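Under my numbering, read the sequence shown as residues 4 to 299, first letter to last.
See below for the structure under consideration.
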Amino acid sequence: MRQFIQFLLKGFAILIITLVLLDILYTSVYMQSDSRTKIDYLYNSKDKKYDVVFLGSSRVNNHFVPKIFNDKGYKTFNFGLTRSRLEESALMLKLMVERNYKIDNLILQVDLNINTNDHSEAIRSLFMPYLHSSKTIRNHYENIDEYEKLLYIPFYRYMHYDARVGFREMYQTAIHKKTNALDNDGFYPLTKNERPMIPADLSKYSPKKNKSYEEIKKICKENNINLIAMTTPMCKETINMEYFNKINAVYPEIHRFENLVTEDEYFATCGHMNKKGAEKFTIEIFNRLFKTKTKS
Numbered sequence: 004m005r006q007f008i009q010f011l012l013k014g015f016a017i018l019i020i021t022l023v024l025l026d027i028l029y030t031s032v033y034m035q036s037d038s039r040t041k042i043d044y045l046y047n048s049k050d051k052k053y054d055v056v057f058l059g060s061s062r063v064n065n066h067f068v069p070k071i072f073n074d075k076g077y078k079t080f081n082f083g084l085t086r087s088r089l090e091e092s093a094l095m096l097k098l099m100v101e102r103n104y105k106i107d108n109l110i111l112q113v114d115l116n117i118n119t120n121d122h123s124e125a126i127r128s129l130f131m132p133y134l135h136s137s138k139t140i141r142n143h144y145e146n147i148d149e150y151e152k153l154l155y156i157p158f159y160r161y162m163h164y165d166a167r168v169g170f171r172e173m174y175q176t177a178i179h180k181k182t183n184a185l186d187n188d189g190f191y192p193l194t195k196n197e198r199p200m201i202p203a204d205l206s207k208y209s210p211k212k213n214k215s216y217e218e219i220k221k222i223c224k225e226n227n228i229n230l231i232a233m234t235t236p237m238c239k240e241t242i243n244m245e246y247f248n249k250i251n252a253v254y255p256e257i258h259r260f261e262n263l264v265t266e267d268e269y270f271a272t273c274g275h276m277n278k279k280g281a282e283k284f285t286i287e288i289f290n291r292l293f294k295t296k297t298k299s
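In structure tokens form, the structure reads like this:
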């Protein structure tokens, strides 16, 4: 019986050591990466200065063309993350502050993402490699149900989020295989158009007070960042455009641009503009809210 117990203890010790070593290996790989995702680029950079930063979901990632701003004398970057929600946008902004970014203007998409206080599991996973090294990330997630497991059980966060930060992603990060996430200063153009276009139905959406949006407003105020919250375009076939009126009933300060571009030729899907539409929209936003910088 004693030998059996010793065998179990040795097996358990080997397992724990293996998990600790794997955790160290995976984390060390991710800590030296800055070219596969916008999150690792952000975390592994510091002291950046931007005139304009764009934050939001795919409706930022596919809609704002930094080059148009850059050509007018501005330094900008599109930090939009497809599938993200306002919770992830808030954490991105917190990390920018942690990494000592200097930001003059934040353009934040607030439309379809304001109908929920929930998070994106897919995007949350991409922050996990930095959980131990970033106090900001720990504080942000300290109240989620699995927080203690993620923080204290070696390698648990990599097993739990294996689909996004597991072996395949770790290996591609280790060999420095780049993605297109940082191309075009973060803008990802959509080139394939859904035809016939399927109307987006907003009947199920209901704008409400959003704790992450409130956080973002507070962070911007504390760090002298000019926050420009706005809706972005939907195709003209969209069902229940009244939804956007309800947004302003909750947050009157949000700029309304859902009808700034409406023609089908500018849309890849009903809720996402194609490259031509993104360029038209970005030009319109710049002309309405900014001025070309004069060269000194």
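Beta carbons are placed, not taken as given, at the ideal position from N, Cα and C, and that holds for glycine.
Here the structure is a predicted model, which means the values were calculated and not measured.
For Ile156, the three-state secondary structure derived from DSSP is coil. Exposed is the label assigned to Asn183, since fewer than 16 other Cβ atoms lie within 10 Å of its Cβ. For Tyr53 and Asn277, the gap between their C-alpha atoms comes out near 25 Å.
Under the criterion of beta carbons closer than 8 Å, Thr285 and Phe67 qualify as touching, at roughly 5 Å. Between Arg141 and Met99, the alpha-carbon positions lie close to 15 Å from each other. For a cut-off of 8 Å, the C-beta gap from Ala281 to Met237 is around 14 Å, too long to register as a contact. Distances from the alpha-carbon of Gly83 to those of Leu94, Asp74, Tyr77, Lys75 put Leu94 closest.
Ranking Arg160, Leu185, Leu134, Arg5 by CA distance to the CA of Pro69 puts Leu185 first.
Beta-bridge pairing by DSSP links Ile231 to Ile110. For Asn142, the uninterrupted alpha helix (DSSP H) segment begins and ends at 138–144. Here Gln112 is near Thr235, since their CB atoms are less than 8 Å apart. Put simply, the segment 167–179 touches the segment 122–139. At least three CB pairs are less than 8 Å apart. Nearest to Leu292 by alpha-carbon distance, out of Cys273, Phe260, Thr265, is Phe260.
When DSSP states are grouped into helix, strand and coil, Asp54 belongs to the strand group.
In the structure shown, Ala271 adopts extended strand secondary structure according to DSSP, grouped into three states.
Less than 8 Å separates the beta-carbon of Arg160 from that of Leu134. The shortest CA-to-CA distance from Gly274 to any of Phe289, Lys152, Ile228, Lys239 is the one to Lys239.
In the DSSP assignment, Asp204 forms a beta bridge with Ile242.
DSSP lists no bridge partner for His122.
Straight-line spacing of the CA atoms in Ile250 and Asn65 works out to 22 Å.
When secondary structure is reduced to three states using DSSP, Lys214 falls in the helix class. DSSP, reduced to helix, strand and coil, places His163 within a helical segment of the structure shown. With respect to Lys211, Val253 sits close: the two C-beta atoms are nearer than 8 Å. Separation of Thr30 and Lys220 (C-alpha to C-alpha, rounded to the nearest whole angstrom) is 32 Å.
Residue Thr272 holds the alpha-carbon nearest to the alpha-carbon of Arg62 among Ile222, Thr272, Thr40.
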